[in-house]
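**Student:**
Numbering (UniProt numbering), first residue to last: 1 to 80.
So this is what it looks like as structure tokens:
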């Protein structure tokens, strides 16, 4: 595996980890850990897709990251 493969795999792993932790009720969708795993994971997977020039996943992961960033800022504003 090359660097792009590792970047994408690690990003997808983080997204799946967040999903599994939520499914097992270890974290809530409003927890920082869930939001950060999704944001960072989607960002890494999106970057790997950009480097591969694979548009379907650039769009998918880009939107996923955007939604996660919105959740991040909503939680940040709620805390203030």
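No residue lacks a Cβ here, since even glycine has one placed at the ideal position from N, Cα and C.
1) Taking DSSP as the reference, what is the three-state secondary structure of residue 79?
2) I need the DSSP call for residue 24, collapsed to helix, strand or coil.
3) From what residue to what residue does the alpha helix (DSSP H) around residue 30 run?
4) Looking at C-beta atoms only, is the number of pairs between the segment 30-42 and the segment 5-15 that lie closer than 8 Å three or more?
**Tutor:** Taking the structure as given:
1) Along the chain shown, one-based indexing puts residue 79 at 79. Three-state DSSP puts residue 79 in a helix.
2) Mapped onto the chain shown, residue 24 falls at position 24. Of the three classes helix, strand and coil, the one that applies to residue 24 here is coil, per DSSP.
3) In the chain shown, residue 30 corresponds to position 30, counting from 1. No alpha helix (DSSP H) contains residue 30, which DSSP labels as neither H nor E.
4) Enough Cβ pairs lie closer than 8 Å, so yes.
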